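K.L.:
Just so you know, the sequence shown maps onto residues 54 to 96 in the working numbering.
For every residue, glycine included, the Cβ atom is placed at its ideal position computed from N, Cα and C.
Because the structure is a prediction, the values reported are computed rather than measured.
I'd like to ask some things about the structure below.
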Amino acid sequence: MSFFPELYFNVDNGYLEGLVRGLKAGVLSQADYLNLVQCETLE
Numbered sequence: 054m055s056f057f058p059e060l061y062f063n064v065d066n067g068y069l070e071g072l073v074r075g076l077k078a079g080v081l082s083q084a085d086y087l088n089l090v091q092c093e094t095l096e
């Protein structure tokens with residue numbers, strides 16, 4: 054049991070949030086976003 058679960062949010066759910074923020078901010082192009090969404094892992 055952790056005392057600060059908000060500190061671990063990105064460990065569990067940060068990948069998807071990062072993709073969405075990157076797309077909205079213009080850091081990722083639509084093609085980059087689609088390629089990353091299809092990946093099962095980051096390796």
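Identify, in the order they occur along the chain, each residue of the same chain with its Cβ nearer than 7 angstroms to the Cβ of E93, setting aside the five sequence neighbours on each side.
P.N.:
Position 40 of the sequence shown, counting from 1, holds the residue named residue 93. Contacts found: none.
K.L.:
What is the residue span of the alpha helix (DSSP H) that Q91 lies within?
P.N.:
Locating residue 91 in the sequence shown gives position 38, where the first residue counts as 1. No alpha helix (DSSP H) holds Q91; DSSP gives it neither H nor E.
K.L.:
Could you give the DSSP three-state label for L81: helix, strand or coil?
P.N.:
As a working note, residue 81 is residue 28 in the sequence shown. Note: L81 maps to coil in three-state DSSP.
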